[in-house]
Amino acid sequence: MANVTFRIWRGDKESGEFQEYQTVVTEGMVVLDAVHQIQAESANDLAVRWNCKAGKCGSCSAEVNGMPKLMCMTRLSDLDLDRPVTIEPMRAFPLMKDLVTDVSHNYRAKQKIKPFKPRKPDNADGSWNMAQEDVERVQEFRKCIECYLCQDVCHVLRDHHKHDEFIGPRFFVYNAALEMHPLDEEDRVEDLKKSQGIGYCNITKCCTKVCPEHITITDNAIIPLKERVVDRYYDPVKMVLYKLMGPKKKKS
Amino acid sequence: MAENVTGLERRSWGQTQRQDRWWVVPLVVFCSLSAFLIYANWAAFQNDHFTYGNYISPFYSPPLFVTPPADPADEDYHRRENHMHHSYFGAQPSWWPAFIPFSPALLILAFPAGFRLTCYYYRGAYYKAFWADPPSCAVGEPRKKYLGERYLPLIIQNVHRYFLYFALLFLCFLAYDAFQGFFFDVDGDGKYTNFGVGVGTLVLCVNVVLLGGYTTGCHSLRHLVGGYLDKFSGSPIRSKCYGCVSCLNKQHMIWAWCSLVWVAFSDIYVRLCSMGIWQDFRIVF
Numbered sequence: 017m018a019n020v021t022f023r024i025w026r027g028d029k030e031s032g033e034f035q036e037y038q039t040v041v042t043e044g045m046v047v048l049d050a051v052h053q054i055q056a057e058s059a060n061d062l063a064v065r066w067n068c069k070a071g072k073c074g075s076c077s078a079e080v081n082g083m084p085k086l087m088c089m090t091r092l093s094d095l096d097l098d099r100p101v102t103i104e105p106m107r108a109f110p111l112m113k114d115l116v117t118d119v120s121h122n123y124r125a126k127q128k129i130k131p132f133k134p135r136k137p138d139n140a141d142g143s144w145n146m147a148q149e150d151v152e153r154v155q156e157f158r159k160c161i162e163c164y165l166c167q168d169v170c171h172v173l174r175d176h177h178k179h180d181e182f183i184g185p186r187f188f189v190y191n192a193a194l195e196m197h198p199l200d201e202e203d204r205v206e207d208l209k210k211s212q213g214i215g216y217c218n219i220t221k222c223c224t225k226v227c228p229e230h231i232t233i234t235d236n237a238i239i240p241l242k243e244r245v246v247d248r249y250y251d252p253v254k255m256v257l258y259k260l261m262g263p264k265k266k267k268s
Numbered sequence: 521m522a523e524n525v526t527g528l529e530r531r532s533w534g535q536t537q538r539q540d541r542w543w544v545v546p547l548v549v550f551c552s553l554s555a556f557l558i559y560a561n562w563a564a565f566q567n568d569h570f571t572y573g574n575y576i577s578p579f580y581s582p583p584l585f586v587t588p589p590a591d592p593a594d595e596d597y598h599r600r601e602n603h604m605h606h607s608y609f610g611a612q613p614s615w616w617p618a619f620i621p622f623s624p625a626l627l628i629l630a631f632p633a634g635f636r637l638t639c640y641y642y643r644g645a646y647y648k649a650f651w652a653d654p655p656s657c658a659v660g661e662p663r664k665k666y667l668g669e670r671y672l673p674l675i676i677q678n679v680h681r682y683f684l685y686f687a688l689l690f691l692c693f694l695a696y697d698a699f700q701g702f703f704f705d706v707d708g709d710g711k712y713t714n715f716g717v718g719v720g721t722l723v724l725c726v727n728v729v730l731l732g733g734y735t736t737g738c739h740s741l742r743h744l745v746g747g748y749l750d751k752f753s754g755s756p757i758r759s760k761c762y763g764c765v766s767c768l769n770k771q772h773m774i775w776a777w778c779s780l781v782w783v784a785f786s787d788i789y790v791r792l793c794s795m796g797i798w799q800d801f802r803i804v805f
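These protein sequence lines map, in sequence, to chains E and W. Mapped onto this note's numbering, the consecutive letters of the first sequence carry residue numbers 17 to 268. Mapped onto this note's numbering, the consecutive letters of the second sequence carry residue numbers 521 to 805.
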């Protein structure tokens, strides 16, 4: 048992500041437990979004000691409790109140992505045949819980506010899951370059670092998509082949 | 309609709530890459001490042209002769402008340098270390304007795969150099026919292994050998190649640094042997 100081951001769209709270923490507690304890003891009006407390719903995203994390998955024993623990809302999205941000930008960004367009079914009963090795690559991307920590840490959104031109790492993962799917016939390469701004990514790998599902966002999703954009727009040989042969898309 | 999506106030340069030593990695990258750049430039302009017996520094390989020996009385005559022994096309061309310093390294270094400069790993590392864009994850940046890799000059990063083709070619030359490193001139007749293994042989072999691991783990190669496919079944060779490159790619950063350090060390080894400061110990005669 230890008495620990927490610095929690309190405020709304207009103004805000860090306020200090002290609470007694016990073994096994996570940051979200401490926030709930503070809410119960000394800040009843503290706004915090949470749901599953198991790292699967992606609701309790915040910045703990400056790094985007899920509060429910951040053990207090992993933090230096001799110094105040800082908890603040995600900085890439508009603040609503205290630790709660408006993440609706992400829903709008997702709508910009062309949906899954499967080829004609392989079988008379409307089903498809797929080999395991064909779907293994995209299965990694389906682990995403949409916590938006990757969006939060990405400096293109966080510091440069390119929300209009750049859809962010989460949606490159989503794009990759569709674009690399063995059944999908849609072509998203032009959108990736033009309206979704993949060229803004400068490969800092911060998104990969903060992903609570350990998705290798940069190496397995963004860079392969960048390479597909290179095929189409920057590699003269591939460009000629594309002009001659058309999109390679996915013969059934 | 443009969205107004702005969060809390933008942080200024270096401002963060992070409590860890976030500045250590970019600082180490900055110092290491700077040290390498300074040394590589210095070594490239030396145009001397880049061979020792059958060993050749990777900074100078392949030596397309070399400065020929002049007067047999010159102190460096035998070294220059040895350089000629390694040269692919003989002496420095007569049309080379006198006002431009000549060095075989200057003819070729742009290719491996371009490969590293446009490498996906190094890009992320030097954007942070040299341009603070960002200095580290979740740390405030010095500039408000940001163009990414969409416009000149950084749009050129997209030619990485063409540097990869050259890097693969250079790897063949370096492998040949390492193979040549197994043969020594024991009789002093100028013919390198005696098989042996020196410390330098091992240095050059390790160099090829590390550069091989780095080059064949390249993200662009990963795409070209199979990453562009959406369906691997039915393409077993591509699938296997993709698996192998992906395996190396997972440790691309480690390969990148190890190969960078070792290529500089290989040059230092050959240089110091050539200068007579280090002795090349023979392990197998």
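C-beta: ideal position from N, C-alpha, C; glycine also.
So what's residue i in DSSP terms, helix, strand or just coil?
i: E/L111; result: strand
i: E/R23; result: strand
i: E/M83; result: strand
i: W/D787; result: helix
i: E/R65; result: coil
i: W/F704; result: strand
i: E/L194; result: helix
i: E/T90; result: coil
i: W/E529; result: coil
i: W/I803; result: strand
i: W/Y671; result: coil
i: W/A611; result: strand
i: E/I103; result: strand
i: E/Q53; result: helix
i: E/S268; result: Annotation note: pLDDT 41 at E/S268 (below 50); position unreliable, no value reported.
i: W/I676; result: helix
i: W/G747; result: helix
i: E/D247; result: helix
Run through chain E and tell me which residues come within less than 9 Å of residue i, C-beta to C-beta.
i: W/T587; result: Per Cβ cutoff of 9 Å: no residues; W/T587 is ~36 Å from chain E at best.
i: W/A472; result: Residue 472 of chain W is absent from the model: chain W starts at 521 and stops at 805.
i: W/H739; result: D235, I239, P240, K242 and E243
i: W/S518; result: No information on residue 518 of chain W is available, as it lies outside the stretch 521 to 805 that chain W covers here.
Determine the contact status of residue i and residue j, defining contact as a CB-CB distance below 8 Å.
i: E/A16; j: E/Q167; result: Nothing can be reported for residue 16 of chain E: it is not among the residues displayed for chain E, which extend from 17 to 268.
i: W/G746; j: W/S755; result: yes
i: E/M106; j: E/E79; result: yes
i: W/Y646; j: W/L553; result: yes
i: E/H179; j: E/H230; result: no
i: E/V246; j: W/N678; result: yes
i: E/C170; j: E/P185; result: yes
i: W/T571; j: W/V728; result: no
i: E/L165; j: E/P252; result: no
i: W/P583; j: W/H598; result: no
i: W/L792; j: W/T735; result: no
i: E/E201; j: E/R135; result: yes
i: E/N81; j: E/L97; result: no
Given that residue i touches chain W, what residues does it touch there, using C-beta distances under 8 Å?
i: E/N218; result: R643, G644, Y647, D653, G668, E669 and L674
i: E/D114; result: Within chain W, no residue comes near E/D114; the closest Cβ sits about 12 Å away, beyond 8 Å.
i: E/R131; result: Position check: residue 131 of chain E holds Pro in this sequence, whereas Arg was assumed. Going along chain W, no residue has its Cβ under 8 Å from E/P131, so there is no contact; the nearest lies around 16 Å.
Check the Cβ of residue i against every Cβ in chain E and list those closer than 7 Å, keeping chain order.
i: W/G747; result: P240 and E243
i: W/F752; result: E149 and D150
i: W/Y640; result: I219 and I239
i: W/N769; result: D235
i: W/E661; result: H171 and D175
i: W/H743; result: P240 and E243
What does residue i reach in chain B if we use C-beta pairs closer than 9 Å?
i: W/V679; result: The structure shown contains no chain B; its protein chains are E and W.
Give the single residue among the options whose Cα lies nearest to the Cα of residue i.
i: W/I576; options: W/K760, W/Y559 and W/Y608; result: W/Y608
i: W/Y671; options: E/C217, E/E149 and E/C88; result: E/C217
i: E/T21; options: E/F187, E/E33, E/Y37 and E/L260; result: E/Y37
i: W/G710; options: W/F585, W/C692 and W/H603; result: W/H603
i: W/A564; options: W/V549, W/V586, W/W543 and W/V545; result: W/V586
i: W/N567; options: W/H598, W/F622, W/K665 and W/S656; result: W/F622
i: W/L722; options: W/A698, W/G737, W/H739 and W/L626; result: W/A698
i: W/P546; options: W/A784, W/Y642 and W/Y685; result: W/Y642
i: W/G534; options: W/H739, W/S656, W/R681 and W/F704; result: W/S656
i: E/K113; options: E/Q55, E/T224, E/K221 and E/A63; result: E/A63
i: E/E30; options: W/E529, W/D707 and W/Q537; result: W/E529
i: E/E148; options: W/P617, W/G796 and W/F752; result: The amino acid occupying residue 148 of chain E in the given sequence is Gln; Glu does not appear at that position. Comparing Cα positions, the closest option is W/F752.
So which residues on chain W does residue i lean against when the C-beta distance must stay under 7 Å?
i: E/D96; result: Q539
i: E/G74; result: Result: empty, since nearest Cβ-Cβ is about 18 Å, beyond 7 Å.
i: E/P198; result: D750 and K751
For residue i, return the contacting residues in chain W, with the cut-off set at a CB-CB distance below 9 Å.
i: E/D90; result: The amino acid at residue 90 of chain E is misidentified as Asp; the sequence shows Thr. The premise fails here: E/T90 is roughly 13 Å from chain W at the closest Cβ pair, so nothing lies under 9 Å.
Tell me which residues of the segment 22-51 of chain E have at least one Cβ-Cβ distance to chain W shorter than 7 Å, keeping chain order. none
Near-chain E residues of the segment 779-799 of chain W - C-beta to any C-beta below 8 Å: none
Select from the segment 529-542 of chain W all residues with a C-beta closer than 7 Å to any C-beta belonging to chain E, and list them in chain order. R530, T536, Q537, R538 and Q539
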